[in-house]
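K.L.:
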Amino acid sequence: MDILKKKSFWLSFILLLLVSLFAKWLSGFPGLSLIGHLVIALIIGMVLQASGQLKEIAKGGSGFISNKFLRLGIILMGFRLNLEVLAQHGVKTITLAIVVIAFTIGLIYSLAKAAGIERKLSLLSASGCGICGAAAVLGLSPIIETDEDDEVISVAVVAILGTIFTLIMVLLRPVMGLTDVQFGVLAGGSLHEIAHAVAAGAAGGAASENIAVIVKLSRVLMLAPVSLIFSYIASRRSDGNSHAKIQWPWFMLGFIISSAIGTYAGLSDAIVGHLVDLAYILLGMAMAALGVNVNFKVVFEKGQKVFAVCFAGSVALFALVFVAAKMFF
467 MDILKKKSFW LSFILLLLVS LFAKWLSGFP GLSLIGHLVI ALIIGMVLQA
517 SGQLKEIAKG GSGFISNKFL RLGIILMGFR LNLEVLAQHG VKTITLAIVV
567 IAFTIGLIYS LAKAAGIERK LSLLSASGCG ICGAAAVLGL SPIIETDEDD
617 EVISVAVVAI LGTIFTLIMV LLRPVMGLTD VQFGVLAGGS LHEIAHAVAA
667 GAAGGAASEN IAVIVKLSRV LMLAPVSLIF SYIASRRSDG NSHAKIQWPW
717 FMLGFIISSA IGTYAGLSDA IVGHLVDLAY ILLGMAMAAL GVNVNFKVVF
767 EKGQKVFAVC FAGSVALFAL VFVAAKMFF
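Just so you know, the numbering used here puts the end of the sequence shown at 795, numbered straight through with nothing missing.
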């Protein structure tokens with residue numbers, strides 16, 4: 467990898483690392499925790515465009531970082547999934563996750579297609595809403611083969627909608643008539659980011675927060691099989707060749723292996739915590755790299771329709787999970 471021998475890469479690496487670390491620090495503050503580390507890193511990356519010198523430094527390695535560091539971050543994020551904890555909660559949470567993802571992606575993609583939104587952007591934004599927000603957008607974008615502007619639009623939309631619905635959910639909790647567990651299921655099953663699910667779930671107490679995290683992580687677990695399905699579909703669309711080679715997303719295999727290691731290898735909570743922190747630092751660097759390269763005109767022109775469609779889909783998702791929580795939990 468010749469790029470690793472270039473001074474421009476290492477200057478870019480240091481700058482984007484500092485951005486990610488600063489974003490992580492900011493995300494610890496009340497209010498900003500709802501926005502999250504990754505979205506804050508994206509915003510700071512976009513702000514860097516205001517400085518011609520910093521923009522040029524950041525661009526020196528942004529292509530490599532947004533590609534390779536993204537994959538490594540997704541692999542390490544697997545350590546966050548404890549497969550035994552998910553298994554203990556049985557068929558209901560996994561079934562809910564599958565239904566939520568299939569419903570959300572199917573509905574938002576259909577609405578987006580009807581609204582004339584490009585297929586790849588439709589699929590990426592729908593996946594972000596249905597699975598796990600920015601992490602899903604980053605994980606699936608290489609498979610869907612979207613451009614950087616589409617990634618930024620999708621991340622921004624799911625972040626804004628997730629924050630809005632988190633606030634709505636917390637405000638409406640007293641009049642919803644849900645038990646603590648049911649409220650946690652609603653938070654984990656309908657909100658887009660892990661940070662959103664934790665914030666809303668915590669408003670219902672410890673039991674609510676715990677089940678919110680479990681349901682949300684059940685959706686995160688589906689990122690790997692969804693990526694395989696998308697890879698299969700992409701291979702069949704390739705030049706109309708039904709025998710085209712499937713480009714398997716091997717980094718998703720790493721994601722599953724990391725989950726298994728984190729669950730069964732006897733690693734301490736501290737070690738797992740550090741690995742997950744490293745995952746988000748790498749993903750934050752990838753997000754900042756995206757922000758440096760974003761085309762603001764394209765984002766604003768294309769983003770309005772995407773927001774409207776994803777808002778409608780998120781309302782329907784909220785209603786679906788509310789009914790499921792009432793009936794089955």
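Backbone N, C-alpha and C define an ideal beta-carbon position, used for all residues, glycine too.
The structure displayed is predicted, hence computed values, not measured ones.
Apart from the five residues on each side of it in sequence, which residues of its chain come closer than 6 Å, Cβ to Cβ, to His803?
P.N.:
The chain is shown from 467 up to 795; residue 803 falls before or after that span and cannot be answered.
K.L.:
For the structure I just gave you, are there three or more beta carbon pairs, one from the segment 613-629 and one from the segment 764-772, closer than 8 Å?
P.N.:
Contact holds: three or more Cβ-Cβ distances are below 8 Å.
K.L.:
Excluding sequence positions up to five away, which residues of its chain have a Cβ less than 6 Å from the Cβ of Ala745?
P.N.:
So the qualifying residues of the chain are Gly539, Leu542, Met543.
K.L.:
Where Met688 and Phe696 are concerned, what is the direct C-alpha to C-alpha distance, given to the nearest angstrom?
P.N.:
Looking at the two C-alpha atoms, the distance is approximately 12 Å.
K.L.:
Could you give the DSSP three-state label for Lys472: helix, strand or coil?
P.N.:
Note: Lys472 maps to coil in three-state DSSP.
K.L.:
For the segment 637-690, list the alpha helix (DSSP H) runs that are entirely contained and at least 4 residues long, ordered along the chain.
P.N.:
Taking only runs of at least 4 residues, the alpha helix (DSSP H) segments lying wholly in the segment 637-690 are 646-656, 660-668, 672-687.
K.L.:
Alpha helix (DSSP H) containing Arg537: first to last residue?
P.N.:
Here the alpha helix (DSSP H) through Arg537 covers 536-543.
K.L.:
Can you give the beta carbon distance from Leu590 to Ile610, rounded, assuming they're within the 8 Å contact cut?
P.N.:
Going by Cβ atoms, the distance from Leu590 to Ile610 rounds to 6 Å, so yes, they are a contact pair.
K.L.:
In whole angstroms, give me the CA-to-CA distance for Ser517 and Ile469.
P.N.:
Distance between the alpha carbons of Ser517 and Ile469: 24 Å.
K.L.:
Taking three-plus beta-carbon pairs below 8 Å as touching, is the segment 749-759 in contact with the segment 507-525?
P.N.:
Contact between the segment 749-759 and the segment 507-525 is present, because at least three Cβ pairs lie under 8 Å.
K.L.:
Out of Ala785, Leu741, Ser734, which has the shortest C-alpha to C-alpha gap to Leu651?
P.N.:
For the sequence presented, residue 651 should be read as Val rather than Leu. Of the listed residues, the one whose Cα sits closest to Val651 is Ala785.
K.L.:
With DSSP as the reference, label Ala613 as helix, strand or coil.
P.N.:
Looking at the sequence shown, residue 613 is not Ala but Asp. It is coil, neither helix nor strand.
K.L.:
Looking only at its own chain, which residues have a Cβ that is under 7 Å from the Cβ of His658, when we skip the five neighbours before and after it?
P.N.:
Closer than 7 Å at Cβ, skipping near neighbours: Gly594, Cys595, Gly599, Val624, Leu627, Gly628.
K.L.:
Just to confirm the assignment, what range does the alpha helix (DSSP H) spanning Cys595 have?
P.N.:
Segment 585-596, the alpha helix (DSSP H) holding Cys595.
K.L.:
Starting from Ile737, follow the alpha helix (DSSP H) in both directions and report where the run begins and ends.
P.N.:
Element bounds for Ile737: 735-759.
K.L.:
Name the residue from Ile680, Phe479, Ala673, Ala666 whose alpha carbon lies nearest to the alpha carbon of Ile501.
P.N.:
Here the closest residue by C-alpha is Ala666.
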